[in-house]
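Peer 1: According to the UniProt record's numbering, the sequence shown is numbered sequentially starting from 1. Every residue gets a Cβ at the ideal spot worked out from N, C-alpha and C, and that includes glycine. For clarity, every value in this text was computed on a predicted model and none was experimentally measured. Please see the structure below; I have some questions.
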Amino acid sequence: PPFHHCPGLPNLRDVGGYPLTVPTSPTTHSVTRGLLYRSADPSRITPQSLSLLRDTLGIRTVFDLRSVPEIQRDSEEVKRQKGVERVWTPVFREEDYSPEKVGVRYKAYTRGAEGFREAYRDILAAAGEAYAVGFRHLARGTGGRGQGGGQGATLVHCTAGKDRTGLLVAVLFGLLGVEKGRICEEYALTDRGLGLMKPVFKERLLRNEALRGDEEGVESLIGSRAENMRVTLELVDEVYGGAEGYLRKVVGLTDGEIEGLRRN
């Protein structure tokens, strides 16, 4: 399993190891392990877990996709860890995009994947500047653990590590040539990764007047069903011509940066 047990940091996993439909080099047949990790927000992380990130996983850079309201609600423990740089690159700067807020906004779609398609369409359209910072960092070459140093490994997170983070990973996988079914499977792992956080999100949502009593809808909304990502990948193909088209048109990556992502 790609998960790492890290007290206080749910949904931490390595995104490496997924096979590529077309090898990027004679020796590269899968996404490299130990370079990029994803997680939920680290505000409750323990000192021991911080040491795990830095010393065991070799994480040197943390990209925080959360908005101002989300950060104000929580702390920012990772930025105070020596040897780990926190880079704040919000998808939505002033808007709370935690799962419970997204849920209220898209209440009409709590019964199906089309609600996620609409929500994810908005995230993708707004995320160009935020994603550019992370993708350019990765394109320069990270050199995670087992890669001989370099910039070290990278962690990307939002609040749940599900929506904004999941889309970033999905776009990267699409560019690299991970098969779409596997992209959806990787996304769906968040259902397991969130663990004890899901009841917390559910409780917050059910307290909201717009969703009160709609347990089935709330369960759908906080879930990470593979179907949610499948319809989103269709959207990326329809609107942008695929992951590479999105990275060029919205994120603004150059030929060299796209080649750097494929190489690394």
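First and last residue of the beta strand (DSSP E) that includes Glu85?
Peer 2: Note, Glu85: beta strand (DSSP E), 85-88.
Peer 1: Is it right to say Arg60 is buried, meaning 16 or more other beta carbons lie within 10 angstroms of its own, or is it exposed?
Peer 2: Answer is buried; the Cβ neighbour count reaches 16.
Peer 1: Count Cβ pairs between the stretch 4-20 and the stretch 44-63 that sit closer than 8 Å; are there 3 or more?
Peer 2: The stretch 4-20 vs the stretch 44-63: in contact.
Peer 1: Enumerate, from N- to C-terminal direction, the unbroken alpha helix (DSSP H) stretches of 4 or more residues contained entirely within the stretch 227-260.
Peer 2: As far as the stretch 227-260 is concerned, its whole alpha helix (DSSP H) runs of at least 4 residues are 243-246.
Peer 1: Does the Cβ-Cβ distance between Lys162 and Ser224 come in under 8 Å?
Peer 2: Contact flag set, yes.
Peer 1: Do Leu168 and Tyr131 have their CB atoms nearer than 8 Å?
Peer 2: A contact, by the Cβ cut-off of 8 Å.
Peer 1: Could you give the DSSP three-state label for Ser51: helix, strand or coil?
Peer 2: Helix at Ser51.
Peer 1: Nearest to Asp41 by CA position, among Thr27, Pro10, Glu114, Arg204, is which residue?
Peer 2: Closest option to Asp41, Cα to Cα, is Pro10.
Peer 1: Anyone know if the C-beta pair for Leu35 and Asn264 falls short of 8 Å?
Peer 2: Cβ atoms of Leu35 and Asn264: closer than 8 Å.
Peer 1: Over what stretch of residues does the beta strand (DSSP E) that includes Ile59 continue unbroken?
Peer 2: That run of the beta strand (DSSP E) goes 59-64.
Peer 1: How is Tyr37 classed by DSSP in three states: helix, strand or coil?
Peer 2: Three-state DSSP puts Tyr37 in a strand.
Peer 1: Is the distance from the Cβ of Gln81 to the Cβ of Arg54 below 8 Å?
Peer 2: It is a contact, given that the beta carbons lie within the stated cut-off.
Peer 1: Can you give me the Cβ contacts of Glu185 inside the same chain, cut-off strictly under 7 Å, excluding the 5 residues immediately before and after it?
Peer 2: Excluding sequence neighbours, Glu185 sits near Ala226.
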